[in-house]
Amino acid sequence: MRVIVRRPRRQRTGTFRRWVAGTVGTALLVLTMPPGVAQERPRINRLIETLEQGRPAISSDVWVFIDQEHGPYLIDQLGNRLRDLAASRNDDGQQRLAPMVRVPTEGDQNVRWVIKQVLERGAMGIIVPQVENAAQALKIVQAVRFPQRRESAHPTPVGRRSFAGAPRTWGLPVLDYIAEADVWPLNPAGELFVMPMIENADGVRNVGEILDVPGVGGVLIGPSDLAMGLGEGPWYAGGQALRPPDTRAAIQTVADACVARNKACGMVTWTEDETTQYLADGFRIIFATYRR
Numbered sequence: 045m046r047v048i049v050r051r052p053r054r055q056r057t058g059t060f061r062r063w064v065a066g067t068v069g070t071a072l073l074v075l076t077m078p079p080g081v082a083q084e085r086p087r088i089n090r091l092i093e094t095l096e097q098g099r100p101a102i103s104s105d106v107w108v109f110i111d112q113e114h115g116p117y118l119i120d121q122l123g124n125r126l127r128d129l130a131a132s133r134n135d136d137g138q139q140r141l142a143p144m145v146r147v148p149t150e151g152d153q154n155v156r157w158v159i160k161q162v163l164e165r166g167a168m169g170i171i172v173p174q175v176e177n178a179a180q181a182l183k184i185v186q187a188v189r190f191p192q193r194r195e196s197a198h199p200t201p202v203g204r205r206s207f208a209g210a211p212r213t214w215g216l217p218v219l220d221y222i223a224e225a226d227v228w229p230l231n232p233a234g235e236l237f238v239m240p241m242i243e244n245a246d247g248v249r250n251v252g253e254i255l256d257v258p259g260v261g262g263v264l265i266g267p268s269d270l271a272m273g274l275g276e277g278p279w280y281a282g283g284q285a286l287r288p289p290d291t292r293a294a295i296q297t298v299a300d301a302c303v304a305r306n307k308a309c310g311m312v313t314w315t316e317d318e319t320t321q322y323l324a325d326g327f328r329i330i331f332a333t334y335r336r
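Counting in the working numbering, the sequence shown runs from 45 upward without gaps.
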């Protein structure tokens, strides 16, 4: 196992001697560590870290939803925002909010090029709208992954992502970035989270096979598009949750499939009461659209 050693940050002149002493001490510690023992540090992706700890991952607490579907797809502005988020990294290299980016392309469209561009700006998760089946989910996972090394314990699905990335935005050396920019939980050390959106009848019908695709971390239900697609009108309108019955049943179907596979199920909420209710129902990811 490779020992990950972070480069020390540049120190002010007045603290140079203390920095030298600390750096030498750290180097001696690393050199005397038993073979195969790596330095412990927090995960880069707080959403994944939170799920591993058995806690719910709520937006604005540990992750942030960045929309490129209904908003304009301006890659330069996205890059600037992701760099701003990266500036919140603490001394352990963990930024306050893990950026999850919803791409503008839907599941039945060519997602590969846009996923590549989004990841190269520093995203830690990919959300794809209107995913309908396992074949679409597989293409998403392949677009997120680099081709793996020959000795990889997780060689498939075969990665299609080209060699570039965001090591500087993540605060990692290039080799460490390549090793960690992989999909979780397929790769337990991966820091990228793939979350297809279930927003129509086909997605609900095929949610089991979507979740079974290696590299899919969970799904996010889009209740408004789902309700519209089921012919029941909007889920939420005019400040009121309408919650039509067939859509409620479809949401339960998705939730049950997630629980059966120990995958995270995500839901969009508009009020604190909704968030409380869905957490009680076992949802593990919440995209809270209201001010918290």
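We put the beta carbon where it would ideally sit given N, CA and C, even for glycine. Quantities reported herein were computed from a predicted structural model and do not represent experimental measurements.
Coil, strand or helix - residue i by DSSP
i: Leu264; result: strand
i: Pro78; result: In this prediction, Pro78 has a pLDDT of 44, which is less than 50 and means its spatial position is unreliable; what the coordinates show is noted afterwards. Coil.
i: Gly247; result: helix
i: Val158; result: helix
i: Thr149; result: coil
i: Val238; result: strand
i: Ile330; result: strand
i: Ala101; result: strand
i: Ala178; result: helix
i: Ala208; result: coil
First and last residue of the uninterrupted beta strand (DSSP E) at residue i
i: Val172; result: 169-172
i: Trp107; result: 107-111
Close beta carbons around residue i, own chain, < 7 Å, minus the five adjacent residues each side
i: Arg336; result: Ser104
i: Val298; result: Ile242, Val248, Val251, Val263, Ile265, Cys309
i: Trp314; result: Tyr280, Ala285, Thr333, Tyr334
i: Ile92; result: Trp228, Glu235, Phe237
i: Arg268; result: Here the sequence assigns Ser to residue 268, which means Arg is not the residue at that position. Around Ser268: Pro278, Trp279, Tyr280.
i: Leu255; result: Val263, Ala301, Cys302, Arg305, Lys307
i: Trp107; result: Arg90, Leu91, Ala101, Leu141, Ala142, Met144
i: Ala208; result: Glu164
i: Asp111; result: Arg146
i: Ser206; result: Lys160
Start and end residues, alpha helix (DSSP H) containing residue i
i: Leu122; result: 119-130
i: Asp226; result: Note, Asp226: premise wrong, no alpha helix (DSSP H); not H, not E.
i: Arg335; result: It is not in any alpha helix (DSSP H) - Arg335 carries neither H nor E in the DSSP assignment.
i: Ala233; result: Ala233 -> no alpha helix (DSSP H), and no H or E assigned at all.
i: Pro199; result: Where Pro199 is concerned, there is no enclosing alpha helix (DSSP H), given that its DSSP letter is neither H nor E.
i: Ile92; result: 90-96
i: Arg212; result: 211-214
Same chain only: Cβ atoms within 8 Å of residue i, ignoring 5 sequence neighbours per side
i: Pro288; result: Ala271, Leu274, Glu276, Gly277, Trp279
i: Val257; result: Ala178, Ala181, Leu182, Val185, Pro201
i: Arg193; result: none
6 Å Cβ shell around residue i - same chain, five flanking residues per side excluded
i: Asn244; result: Gly273
i: Asp290; result: Leu274, Glu276
i: Ser132; result: Gln139, Arg140
i: Gly69; result: With a pLDDT of 42 at Gly69, under the threshold of 50, the predicted position of this residue should be treated as unreliable, though the coordinate-derived value follows. Contacts found: none.
i: Gly169; result: Met144, Phe237
CB contact below 7 Å: residue i versus chain D
i: Arg156; result: Of the protein chains in the structure, only one exists, and it is not chain D.
Exercise for the section: May I ask you to verify whether the region 158-173 touches the region 135-150, counting CB pairs closer than 8 Å and requiring at least 3? Expected result: yes
Practice task
Kindly confirm or deny that the region 223-234 and the region 133-140 touch, where touching means at least three C-beta pairs closer than 8 Å.
Solution key: no
Practice task
Could you name each continuous alpha helix (DSSP H) segment of 4 residues or more that falls completely within the region 267-321, going from the start of the chain to the end?
Solution key: 267-273, 289-305
Handout entry: Touching by the beta-carbon criterion (3+ pairs, under 8 Å), the region 315-328 and the region 94-104
Key = yes
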